[in-house]
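Here's the structure we're looking at; comments come further down.
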Amino acid sequence: MRSKLLTAFLILLFALPFALLGLLAVGEGWRFPAALPPAYSLEPLRGLVAGGNGLLAGLGKSLLLASAVAVLATVGGFVVARAVVGARRPGRWTALSYLPYALPPVLLAVLIQPFIIRMHLSGSVGGVLLGLLLLALPFATLLLGSFWSQQATEYEQLARTLGCTPGQALRRVLLPLAAPLLRTTLVQTFLLAWFDFGLTNVLSVGKVRTLTVQVFTYVGEANAPLAAVASLLLVLPPLLLLLANKSALLRKP
Amino acid sequence: MLTVSHLSKQFNGQPVLRDISLTLAQGEVLAVLGRSGCGKTTLLKILAGIETADAGTLELHGQDLLPAPPNERQMVYLYQEPLLFPHLSVFENVAFGLRIRKVKEAEIKQQVTELLAELELSEHARKSPHQLSGGQRQRVSFGRALIIRPRLLLLDEPFGNLDAQTRAAMQELFGRVSRQHHITSIFVTHDSREALTVGSRLGYLERGSLTSFASVADFVADPRTNIAAELSFWENIRQTANPTSTPA
Amino acid sequence: MKPLKPILPLYALLVLGLPLAGLGYALLGSVVVVGPLAEGFTGRYWRALGHEPGLGYAALYSLWIAVASVGLSVVLALGLVLRAQPTLRRAPLPGLLYVPLVLPALVVAFYLFQLLSRTGWLSRISFQLGLTSSLEAFPELVQDGAGLGIILAHVLLIFPFLTLLFQAIYQESRLAELDQLTSTLGASAGQFRRRVAAPLLLRRAAPTVLLSFIATLGAYDIPLLLGRPYPQMLSVFIATKLQRFDLRELPAAYLAGFLVASGLLVLILVLLRLVNRSRVETG
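One line per chain: the protein sequences are A, B and C, in this order. In terms of full-length UniProt numbering, the first sequence opens at residue 1 and continues consecutively. In terms of full-length UniProt numbering, the second sequence opens at residue 1 and continues consecutively. In terms of full-length UniProt numbering, the third sequence opens at residue 1 and continues consecutively.
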């Protein structure tokens, strides 16, 4: 009984955001004190499909940015993690990788802003990408560090004695062995970029309008329906990732 | 066939191998007895090309091996762990070396099937490595090495993780397959009984120095192998158990 | 695959170099050597630190929010893992706890605003039920002085994550078996929870809990939507100061950024000690 109550409470707690956001997205002229919208309209959704409100462009931009960050950070992290294991003092390099945890993304963004401006990257997708990589690359390096154990080296050496060139050993042995961890890292770094608002907002100076930036703008304009649609769009891809691969979502640094 | 001369290696100023020289003829199995930390792993890795030597030469059929990268030496180094590729089936694990060499599909199929039969693994061909027992895994690992017809097989305590019974069966299998395929190998172990079972030649490695023995008798007589002491221990037991030493 | 030589220096240049350069720039900006106002060295803004309570207040407020959010989340997660094991192992719970992980902080803030504000859904329901008679009669749950809304949003995000983490440690450390063992030694269920399970879970999860704490300390998205103009949390305080049009505010903002970043760096060093300690323990 107690167990069922607890389960029901948690379901309610976690389902309520989706229900309320859904109602806000399709409710029309929903003002205090009405508990439910007086009328429903698919206008915000139609606008989304027609591309009139820029949400579709924001979705595309967010997808592109987060995918680019995920791929670059995962590939880079794989290579850097390998170099860290072979370094003279791997502990120091691991400590260095924890640095981004110390700085809140928005603080990091305002600190590097003067240099981003000097590199003529301010307000560009490239500038935001660089900022996000500053967070995602060390994170990926830490995650992938656990792959480069003694055993990975032994596998690589064995592949070499069986006749593999270094490239073949990488493609046919190391990458397949690392595949599950690489998948997790891709998901994690994708989400890191996908969820980010503070850093993107500062470095984009209003020009790179990703979905989170749009949610914030619509909230500022008190446009609850569009803010809700943008929110639901933000939640959808991670929800699909969750259904596809639950374990990749739990972040354990 | 294989000639190693004056091989030396240091790690951080500590000598690991001192002036190692040995020769090995085609089809011979050199069993090297040595405790952990005697330098055996380093020796095998230098021969395989995954570690470099500080000094010395390495020749196979008169050809200098040192400049050759590991993938061109055709010498397989086998670890204590079978290290099967978890993403490949038993069949594909064994076929690995042939695929790397771009051998034709029909040829691969025939060779792998034959070898699997010889190693009594036919029924497991489609399984993945985690479904196998320890001894089966070690046989797959062995097959994966044999398929490329290695010029030299380097075995580093290959049966160290197996229980006594499986270990004896594997020693027997290794001896049979070695003779059949004329495999030349260096077999490192810390078990003197295993050394005597598999070796056609015997050596002892201690603190980086190798002693080669001309005969089994010399090997048994050397106090470092501990065999003489072992024999007298069992002799003692036998005498205490049967003081009259007359068969019942 | 041989490690390419310049990889690590390049990595350091990007990950350490750029933020440190930013930190240096902020330091120089705070003594007005660089920046739009650059007029030559002055310690004016550093001296003014004593008279200007804004930064100290923001720090205290952030500390309160972080302690309350992480503290509450730890209590909730521990309670669930120690008291509701059978429920946690049955469907749909493990999967259910993953749901909040797909919610961006900004979305949670927007949702809680729509739920808890005076014009929000709960207020409407209470009005319809006759519990409150006007907007003002509903308690101030978001954009309130104590930061209730901010804390709630963080708890909603952190506690499911910590529950999953504690549960993973619970199973990994085979606490269920340890429970049986301690009961044969004569311990009660409560004693097992207090003396064995809770300390073990907290110790193993300490680095991650501290990481959540640091992240909450620097939180931006949630307090931006659910907080008041005063008091502000640190990230919001610095970001708004830096983005203001009044250039005379810049040195003080750089100073605040420099101090906060340095403070958080010290906290991360503490964290690294913790991580190293637990590495040594687990071997």
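Glycine included, each C-beta is placed from N, C-alpha and C at the ideal position. Since the structure is predicted, the reported quantities are computational estimates derived from the model, not experimental observations.
Cα-Cα separation, residue i to residue j
{"i": "B:F187", "j": "A:Y155", "result": "20 Å"}
{"i": "C:D179", "j": "C:L78", "result": "16 Å"}
{"i": "C:A215", "j": "B:E81", "result": "42 Å"}
{"i": "B:F233", "j": "B:G34", "result": "21 Å"}
{"i": "B:Q10", "j": "B:V112", "result": "40 Å"}
{"i": "C:P139", "j": "C:S126", "result": "11 Å"}
{"i": "C:K2", "j": "A:L182", "result": "With a pLDDT of 47 at C:K2, under the threshold of 50, the modelled position of this residue cannot be trusted; read the value that follows with caution. Cα to Cα, the separation comes out at about 19 Å."}
{"i": "A:F216", "j": "C:L106", "result": "8 Å"}
{"i": "C:A48", "j": "A:M119", "result": "33 Å"}
{"i": "B:A248", "j": "B:G199", "result": "Low confidence applies here, because B:A248 scores a pLDDT of 46, under 50, leaving its location unreliable; read the following figure in that light. Between B:A248 and B:G199, the C-alpha separation is close to 36 Å."}
{"i": "B:R167", "j": "B:M75", "result": "23 Å"}
{"i": "A:I11", "j": "C:L96", "result": "7 Å"}
{"i": "A:T141", "j": "A:F78", "result": "6 Å"}
{"i": "B:H182", "j": "B:E28", "result": "8 Å"}
{"i": "C:L89", "j": "A:A15", "result": "Reading off the sequence shown, one finds Arg at residue 89 of chain C, where the question assumed Leu. So the two alpha carbons sit approximately 20 Å from each other."}
{"i": "residue 258 of chain A", "j": "C:A153", "result": "This structure cannot speak to residue 258 of chain A, because chain A is shown only from 1 to 253."}
{"i": "B:S192", "j": "A:A83", "result": "41 Å"}
{"i": "A:L81", "j": "C:Q171", "result": "It is worth fixing the name first, because residue 81 of chain A is Ala in this sequence and not Leu. Their backbone Cα atoms lie some 29 Å apart in a straight line."}
{"i": "B:K45", "j": "B:E51", "result": "5 Å"}
{"i": "A:T184", "j": "C:S235", "result": "29 Å"}
{"i": "A:G60", "j": "A:L45", "result": "16 Å"}
{"i": "C:T163", "j": "A:A8", "result": "17 Å"}
{"i": "A:T153", "j": "A:A179", "result": "16 Å"}
{"i": "residue 302 of chain C", "j": "A:L130", "result": "Any answer about residue 302 of chain C is impossible in this case: the structure gives chain C only from 1 up to 283."}
{"i": "B:F91", "j": "B:H130", "result": "14 Å"}
{"i": "B:A228", "j": "B:V220", "result": "6 Å"}
Range covered by the beta strand (DSSP E) that runs through residue i
{"i": "B:V29", "result": "V29 to L33"}
{"i": "B:R126", "result": "No beta strand (DSSP E) contains B:R126, which DSSP labels as neither H nor E."}
{"i": "C:G218", "result": "It is not in any beta strand (DSSP E) - C:G218 carries neither H nor E in the DSSP assignment."}
{"i": "B:E206", "result": "R201 to E206"}
{"i": "C:T42", "result": "C:T42 -> no beta strand (DSSP E), and no H or E assigned at all."}
{"i": "A:S146", "result": "It is not in any beta strand (DSSP E) - A:S146 carries neither H nor E in the DSSP assignment."}
{"i": "B:S209", "result": "S209 to F213"}
Where the alpha helix (DSSP H) through residue i begins and ends
{"i": "B:E59", "result": "From DSSP, B:E59 is part of no alpha helix (DSSP H) but of the beta strand (DSSP E) over A55 to L60."}
{"i": "C:D221", "result": "D221 to L226"}
{"i": "B:E105", "result": "E105 to E118"}
{"i": "B:I186", "result": "It is not in any alpha helix (DSSP H) - B:I186 instead sits in the beta strand (DSSP E) that spans S185 to T189."}
{"i": "B:L228", "result": "In the sequence as presented, Leu is not what sits at residue 228 of chain B; that position holds Ala. Note, B:A228: alpha helix (DSSP H), I227 to A241."}
{"i": "C:H154", "result": "L148 to E172"}
{"i": "C:L72", "result": "G54 to R83"}
{"i": "B:M170", "result": "A164 to H181"}
{"i": "C:L247", "result": "Segment: none, C:L247 is in no alpha helix (DSSP H) and carries neither H nor E."}
Cβ separation of residue i and residue j, assumed to be a contact under 8 Å, to the nearest whole Å
{"i": "B:L154", "j": "B:R139", "result": "The pair is not a contact, with the Cβ atoms about 17 Å apart (cut-off 8 Å)."}
{"i": "A:A73", "j": "A:L158", "result": "Actually they are not in contact, since the Cβ atoms of A:A73 and A:L158 sit about 29 Å apart, beyond 8 Å."}
{"i": "B:L152", "j": "B:T184", "result": "5 Å"}
{"i": "C:L225", "j": "C:F110", "result": "6 Å"}
{"i": "A:N201", "j": "A:V213", "result": "6 Å"}
{"i": "C:L16", "j": "A:L96", "result": "6 Å"}
{"i": "B:L47", "j": "B:P158", "result": "Incorrect: roughly 15 Å between the Cβ atoms, too far for contact."}
Opposing strand residues paired with residue i [DSSP bridges]
{"i": "A:Y40", "result": "A:G27"}
{"i": "C:S30", "result": "None, per the DSSP bridge assignment."}
{"i": "B:Y77", "result": "B:L154"}
{"i": "B:L17", "result": "B:K9"}
{"i": "B:Q63", "result": "B:L60"}
{"i": "B:L24", "result": "B:L2"}
Partners in chain D for residue i, counting only beta-carbon separations shorter than 8 Å
{"i": "B:I148", "result": "The structure shown contains no chain D; the protein chains it does contain are A, B and C."}
> According to a CB-to-CB cut-off of less than 8 Å, which residues of the region 121–142 of chain A neighbour chain C?
Replying inline: L133, L134, L137, P138 and T141
>> Taking beta-carbon pairs under 9 Å, can you tell me which members of the region 163–195 of chain A lie near chain B?
In response: G163, C164, T165, P166, Q168, A169, R172, V173, P176, L177 and A179
>> Using a Cβ-Cβ cutoff of 9 Å, what residues of the region 81–96 of chain C are near chain A? List them in chain order.
In response: A84, P86, T87, R90, P92, L93, P94, G95 and L96
>> Taking beta-carbon pairs under 8 Å, can you tell me which members of the region 199–213 of chain A lie near chain C?
In response: V202 and T212
> Residues in the region 55–89 of chain B with C-beta within 9 Å of chain A's C-beta atoms, listed in sequence order?
Replying inline: P69, P70, N71, E72, R73, Q74, M75, V76, Y77, L78, Y79, E81, L83, F85, P86, H87 and L88
> When Cβ atoms are compared, which residues of the region 91–109 of chain B fall closer than 7 Å to chain A?
Replying inline: F96, G97, I100 and R101
> Which of the residues in the region 145–165 of chain A, read from start to end, lie with their CB under 7 Å from any CB of chain B?
Replying inline: E154, Y155, Q157, L158, R160, T161, L162, G163, C164 and T165
>> For the region 113–125 of chain C, list every residue whose C-beta sits within 9 Å of some C-beta in chain A, in sequence order.
In response: F113, Q114, L115, R118, T119, G120, W121, S123, R124 and I125
> Can you list, in chain order, the residues of the region 9–22 of chain C whose Cβ is nearer than 8 Å to any Cβ on chain A?
Replying inline: Y11, A12, L14, V15, L16, L18, P19, A21 and G22
> What residues in the region 30–42 of chain B bring their beta carbon closer than 8 Å to a beta carbon of chain A?
Replying inline: none
> Of the residues that make up the region 25–37 of chain A, which ones have a beta carbon closer than 7 Å to any beta carbon in chain C?
Replying inline: F32, P33, A34 and A35
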